[in-house]
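Reading through the structure tokens given below for one structure.
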Amino acid sequence: MKTTRYACLLALLLGACGRDDDAPAEAAPSVLPAVYRVTFEATWSASTHADFPYGAHFSPPMGVSHRADGLVYRSGQLASRGIKDMAELGHNGFLRTEINALRSSGAALALLDGAGGFNSPGTFTDTIRLDAAHPLLTVVTMIAPSPDWFAALESENLLVDGQWVARRSVPARAYDAGTDSGPSFTAPNQATMPAESIRPLHLPPATGTAADGPPVGTWHLERIR
Numbered sequence: 001m002k003t004t005r006y007a008c009l010l011a012l013l014l015g016a017c018g019r020d021d022d023a024p025a026e027a028a029p030s031v032l033p034a035v036y037r038v039t040f041e042a043t044w045s046a047s048t049h050a051d052f053p054y055g056a057h058f059s060p061p062m063g064v065s066h067r068a069d070g071l072v073y074r075s076g077q078l079a080s081r082g083i084k085d086m087a088e089l090g091h092n093g094f095l096r097t098e099i100n101a102l103r104s105s106g107a108a109l110a111l112l113d114g115a116g117g118f119n120s121p122g123t124f125t126d127t128i129r130l131d132a133a134h135p136l137l138t139v140v141t142m143i144a145p146s147p148d149w150f151a152a153l154e155s156e157n158l159l160v161d162g163q164w165v166a167r168r169s170v171p172a173r174a175y176d177a178g179t180d181s182g183p184s185f186t187a188p189n190q191a192t193m194p195a196e197s198i199r200p201l202h203l204p205p206a207t208g209t210a211a212d213g214p215p216v217g218t219w220h221l222e223r224i225r
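Residue numbers in the sequence shown follow the numbering used here, run continuously in steps of one, and reach 225 at the last position.
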């Protein structure tokens, strides 16, 4: 009987020694990167907005997946040189350099670099990669012709409660870059001195009474991987 008690005590002691109470719990699976198809369905037309110009189009869209401190623009702040050139001229050279600087710093992940402009109404489609550290998506494109107006998808968060959004549609609102004071689509250059902050642009609708008019299109976001 005594031998049996000793054997049980030894087994208990060995079991206690074999445990590591300080060992961390098994880590939860990490969120894998995702790839999204980004489609801009431009609906800006004579039937949606007043003063619709001849040759209406959008410049090659440019976008970036980023974290909260990887912004390429923010409403209420001054436009960078890259945003200014995109909004006034439809040129993405400086904006591309700014985005690549954010990527080098770790604040941004991937670049969406549209190959060409497109007419409105019309459609643009491209893809971009996001990860858990860079779940926000921003895309911009010039409203053309215009003084310094652009359409944007602004810091759209696609990772919600640890899960990638399967699909989402977001109205494409218009913005004024604050760098040119031209009052109409085809007004001559009138540099704003000093420059003003980026702000939402209230394009007058051709029909309807909405205070800010209808959007110039819709951003369709769909996870494909």
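Even glycine gets a Cβ: it sits at the ideal position worked out from N, Cα and C.
{"Check": "Which value, in whole angstroms, describes the spacing of the CA atoms of residue 115 and residue 144?", "Outcome": "16 Å"}
{"Check": "Just the C-alpha distance for residue 129 and residue 147, rounded to the nearest angstrom, thanks.", "Outcome": "32 Å"}
{"Check": "If the criterion is Cβ atoms closer than 8 Å, does the pair residue 169 and residue 219 meet it?", "Outcome": "yes"}
{"Check": "Could you tell me the alpha carbon to alpha carbon distance between residue 179 and residue 30, rounded to whole angstroms?", "Outcome": "43 Å"}
{"Check": "Residue 195 and residue 107 - do their beta-carbons sit closer together than 8 Å?", "Outcome": "no"}
{"Check": "How long is the line joining the alpha carbons of residue 94 and residue 217, rounded to whole angstroms?", "Outcome": "25 Å"}
{"Check": "If we count Cβ pairs, one from each stretch, closer than 8 Å, do we get three or more for the segment 83-91 versus the segment 56-75?", "Outcome": "yes"}
{"Check": "Leaving aside the five residues before and after residue 138 along the sequence, list all residues of the same chain whose C-beta is less than 8 Å from its C-beta, in chain order.", "Outcome": "63, 64, 66, 71, 72, 73, 152, 153, 154, 155 and 156"}
{"Check": "Using the three-state DSSP reduction, which class does residue 173 fall into: helix, strand or coil?", "Outcome": "strand"}
{"Check": "Taking 6 Å as the limit between beta carbons, can you name the residues of its chain near residue 39, skipping five residues before and five after?", "Outcome": "125 and 220"}
{"Check": "Going straight from the alpha carbon of residue 81 to that of residue 223, what length do you get?", "Outcome": "32 Å"}
{"Check": "Between residue 229 and residue 181, which are expected to be in contact by the criterion C-beta below 8 Å, what is the C-beta distance as a whole number of angstroms?", "Outcome": "There is no way to answer for residue 229, as the model of the chain reaches only from 1 to 225."}
{"Check": "Using the Cα positions of residue 68 and residue 103, report the straight-line distance between them to the nearest angstrom.", "Outcome": "13 Å"}
{"Check": "Our contact map puts residue 42 next to residue 121 with C-beta atoms below 8 Å; I'd like the distance itself, whole angstroms only.", "Outcome": "6 Å"}
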